[in-house]
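Asker: One structure, as structure tokens, below. Some questions next.
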Amino acid sequence: MQDLKSLDPHIGKLPLNQVHSGTLQKFIDARRKEGAKSGTVNRSLAVARRILRLCAELWRDEYGMTWLETAPMIPDVDWKDSRDPAPVTWAEQGRLFQELPEHLKDMAEFAVHTGCRESEICALKWEWEVSLPDKGFGFILPASVTKNGCDRLVVLNATARAVVNRQRGKHEHQVFTFSSRPVASIFNNAWRKGRKKAGLTHVRGHDLRHTFGRRLRAAGVNEETRAELLGHKRGSVTTHYSAAEVAELVKAVELIAEKRGPDSDGVAVVKFRFGHKMPTVEKRKAAE
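Residue numbers for the sequence shown follow the UniProt record's numbering, beginning at 1 and rising by one.
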């Protein structure tokens with residue numbers, strides 16, 4: 001919704017067939033002048049791209065014609081301003097979550113245990129819930145809310161299941177709400193205030209997803225399974241997974257349901273330091 005609001009002043013009055021990379025350039029220039037990062041701008045462009053694709057492929061008028069003949073190509077921008085991921089340690093996670101309102105804490109905890117994106121979590125609906133082996137459950141996200149436009153199976157470990165169970169009975173349709181209303185954004189002013197109080201101003205919302213991926217890797221989960229769990233692979237979930245494969249995914253996420261051992265955050269990170277010809281290796285440990 002926020003992406004649409006930011007796009008509206010620049011293309012809101014244009015006919016659909018006049019929305020393309022050329023007319024979007026004013027929006028891009030304005031956002032860059034405001035200090036927005038290329039990744040933030042690209043998320044808005046992805047929304048525009050998605051709407052135009054639906055206009056060309058799915059939405060039709062009373063005569064059965066699509067609203068657009070073809071969807072225009074809208075390339076992403078790259079201002080070389082991306083920064084390295086900053087996955088959090090268990091200790092940092094504890095400090096951060098302690099400073100968040102309860103509803104945001106639950107959503108952030110769900111993110112760090114599922115790898116779901118903010119938009120997927122905010123959109124999560126009870127009707128997408130499915131039963132999994134051994135009395136487990138998860139969600140099948142429809143293509144309309146996933147980044148790659150494909151259905152995605154989200155399996156839950158014990159911690160994520162507990163988060164979801166705390167939401168039951170609060171809303172008829174939405175899993176995560178605040179004051180009986182859907183939550184539009186996790187990483188809002190309350191998130192930023194909590195992050196500041198925790199002394200973690202460098203941590204972005206997407207770093208929770210990076211944390212999920214890093215913990216899977218540290219737990220020995222293979223690359224293919226990590227890709228499945230992060231929703232990087234394409235395919236129909238209704239035909240792709242066997243019961244055994246689903247069980248394997250559940251087993252993988254259970255490995256990171258809780259901190260395992262005093263050095264479970266001790267992952268070697270290779271960093272290139274100014275003045276060094278060879279990379280130095282720094283081991284990051286959780287503060288106890």
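Ideal Cβ placement from N, Cα and C applies to all residues, glycine included. As the structure is a computational prediction, the values presented were derived from the model and not from experiment.
Pull up the distance between the alpha-carbon of Phe97 and that of Arg50, whole angstroms please.
Answerer: Within the sequence shown, residue 97 is the residue found at index 97, counting from 1. Within the sequence shown, residue 50 is the residue found at index 50, counting from 1. Each residue's alpha carbon lies about 33 Å from the other.
Asker: With respect to the alpha helix (DSSP H) encompassing Leu249, which residues constitute its N-terminal and C-terminal limits?
Answerer: As a first step, residue 249 is located in the sequence shown; it is residue number 249 there, counting from the start. Going by DSSP, Leu249 is part of the alpha helix (DSSP H) stretching over 243 to 254.
Asker: Cα separation between Gly39 and Met65?
Answerer: To locate residue 39, count along the sequence shown from 1; it is residue 39. To locate residue 65, count along the sequence shown from 1; it is residue 65. Near 34 Å, if we compare the C-alpha coordinates of Met65 and Gly39.
Asker: Could you spell out the range, first to last residue, of the beta strand (DSSP E) harbouring Glu129?
Answerer: Against the sequence shown, residue 129 aligns to sequence position 129. Element bounds for Glu129: 129 to 132.
Asker: Could you check the C-alpha separation between Phe176 and Thr159 for me, to the nearest Å?
Answerer: As a first step, residue 176 is located in the sequence shown; it is residue number 176 there, counting from the start. As a first step, residue 159 is located in the sequence shown; it is residue number 159 there, counting from the start. Rounded to whole angstroms, Phe176 to Thr159 spans 16 Å at the Cα level.
Asker: Just the Cα atoms here: how many angstroms apart are Gly22 and Lys251?
Answerer: Translated into the one-based positions of the sequence shown, residue 22 becomes position 22. Translated into the one-based positions of the sequence shown, residue 251 becomes position 251. In a straight line, the C-alpha of Gly22 is about 48 Å away from that of Lys251.
Asker: What separation, rounded to the nearest whole angstrom, lies between the Cα atoms of Glu102 and Lys193?
Answerer: Locating residue 102 in the sequence shown gives position 102, counting from the first residue. Locating residue 193 in the sequence shown gives position 193, counting from the first residue. Looking at the two C-alpha atoms, the distance is approximately 14 Å.
Asker: Just curious, the beta strand (DSSP E) that Arg152 is in, first and last residue?
Answerer: To locate residue 152, count along the sequence shown from 1; it is residue 152. Segment 152 to 155, the beta strand (DSSP E) holding Arg152.
Asker: Measure the C-alpha to C-alpha separation of Leu216 and Thr201 and round it to an integer number of angstroms.
Answerer: Sequence index remark: in the sequence shown, residue 216 carries index 216 (1-based). Sequence index remark: in the sequence shown, residue 201 carries index 201 (1-based). Spanning the two alpha carbons is a distance of roughly 24 Å.
Asker: Evaluate contact between the segment 135 to 150 and the segment 108 to 123, counting only Cβ atoms and requiring at least three cross-stretch pairs below 8 Å.
Answerer: yes
Asker: Give the straight-line distance between the Cα atoms of Ser131 and Glu69, rounded to the nearest whole angstrom.
Answerer: The residue labelled residue 131 in the question sits at position 131 within the sequence shown. The residue labelled residue 69 in the question sits at position 69 within the sequence shown. Approximately 41 Å, taken between the alpha carbons.
Asker: Give me the residue from Glu223, Leu229, Lys33, Gln93 with the minimum Cα distance to Trp79.
Answerer: Here residue 79 is taken as the residue at index 79 of the sequence shown, counted from 1. Residue Lys33 is the option with its Cα nearest to Trp79.
Asker: Within 10 Å of its beta-carbon, does Trp59 have 16 or more other beta-carbons around it, so buried, or fewer, so exposed?
Answerer: One-based indexing of the sequence shown puts residue 59 at position 59. When all chains shown are included, Trp59 counts as exposed.
Asker: DSSP has Lys125 in a bridge; who is on the other side?
Answerer: Here residue 125 is taken as the residue at index 125 of the sequence shown, counted from 1. BP columns for Lys125 point to Gln174.
Asker: Using a threshold of 7 Å, state whether the C-beta atoms of Ala247 and Pro133 are closer than that.
Answerer: Stepping through the sequence shown from its first residue, residue 247 is reached at position 247. Stepping through the sequence shown from its first residue, residue 133 is reached at position 133. Contact: yes.
Asker: State the DSSP-derived secondary structure class of Ala137, mapped to helix, strand or coil.
Answerer: Walking along the sequence shown from the start, residue 137 turns up at place 137. The sequence shown places Phe at residue 137, rather than the Ala named in the question. In the structure shown, Phe137 sits in a strand (DSSP, three-state: E or B).
Asker: Relative to the alpha-carbon of Gly149, which residue among Ala257, Ala46, Asp29 has its alpha-carbon at the smallest distance?
Answerer: Reading the sequence shown from its first residue, position 149 is the one you call residue 149. Of the listed residues, the one whose Cα sits closest to Gly149 is Ala46.
Asker: With a cut-off of 7 Å, does the C-beta of Gln98 fall near any C-beta of chain B?
Answerer: Any reference to chain B falls outside this structure, which holds one protein chain only.
Asker: Helix or strand or just coil, what does DSSP make of Pro87?
Answerer: Counting from one through the sequence shown, the residue named residue 87 turns up at place 87. Three-state result, Pro87: coil.
Asker: Determine whether the beta carbon atoms of Arg166 and Gly231 lie at a separation below 7 Å.
Answerer: As a working mapping, residue 166 is identified with position 166 in the sequence shown. As a working mapping, residue 231 is identified with position 231 in the sequence shown. No, the Cβ-Cβ distance between Arg166 and Gly231 is not below 7 Å.
Asker: I need the DSSP call for Pro182, collapsed to helix, strand or coil.
Answerer: Here residue 182 is taken as the residue at index 182 of the sequence shown, counted from 1. Strand, per DSSP.
Asker: Roughly how many whole angstroms lie between the Cα atoms of Val155 and Trp128?
Answerer: Counting from one through the sequence shown, the residue named residue 155 turns up at place 155. Counting from one through the sequence shown, the residue named residue 128 turns up at place 128. So the two alpha carbons sit approximately 12 Å from each other.
Asker: Taking buried to mean at least 16 other C-beta atoms within 10 Å of its own C-beta, is Gln18 buried or exposed?
Answerer: Stepping through the sequence shown from its first residue, residue 18 is reached at position 18. Counting Cβ neighbours within 10 Å, Gln18 comes out exposed, since fewer than 16 surround it.
Asker: Under 7 Å, do Leu104 and Ala190 count as touching if we go by C-beta distance?
Answerer: Position 104 of the sequence shown holds residue 104. Position 190 of the sequence shown holds residue 190. In contact: Leu104 and Ala190 (Cβ atoms closer than 7 Å).
Asker: Compute the beta-carbon to beta-carbon distance between Asn157 and Glu254, rounded to the nearest angstrom, for a pair I have assumed lies under 8 Å.
Answerer: On the sequence shown, position 157 is the one that residue 157 refers to. On the sequence shown, position 254 is the one that residue 254 refers to. Right, their Cβ atoms sit about 5 Å apart.
Asker: With C-beta atoms as the reference, is Trp67 less than 7 Å away from Leu16?
Answerer: As a position in the sequence shown, residue 67 is number 67, starting the count at 1. As a position in the sequence shown, residue 16 is number 16, starting the count at 1. Yes, the Cβ-Cβ distance between Trp67 and Leu16 is below 7 Å.
Asker: Report yes if the CB atom of Ser44 is closer than 7 Å to the CB atom of Ser82, and no otherwise.
Answerer: Position 44 of the sequence shown, counted from the first residue, corresponds to residue 44. Position 82 of the sequence shown, counted from the first residue, corresponds to residue 82. No.
Asker: Nearest CA to the CA of Ala244: which residue from Ala257, Glu258, Ile256, Thr225?
Answerer: The count along the sequence shown starts at 1 and reaches residue 244 at position 244. Looking at the Cα atoms, Thr225 is the closest of the given residues.
Asker: Given a cut-off of 7 Å, decide if Pro87 and Lys210 are closer than it, judged by their beta-carbon atoms.
Answerer: Residue 210 sits at position 210 when you count from the first residue of the sequence shown. Residue 87 sits at position 87 when you count from the first residue of the sequence shown. A small fix is needed here, since residue 210 is His in this sequence, not Lys. Yes, they are a contact pair.
Asker: Where does the unbroken alpha helix (DSSP H) through Gly213 begin, and where does it stop?
Answerer: Numbered from 1 along the sequence shown, position 213 holds the residue referred to as residue 213. Residues 206 to 218.
Asker: Report the rounded CA-to-CA distance for Leu4 versus Glu62, giving the unit in angstroms.
Answerer: One-based indexing of the sequence shown puts residue 4 at position 4. One-based indexing of the sequence shown puts residue 62 at position 62. Using only the alpha carbons, I get a separation of about 26 Å.
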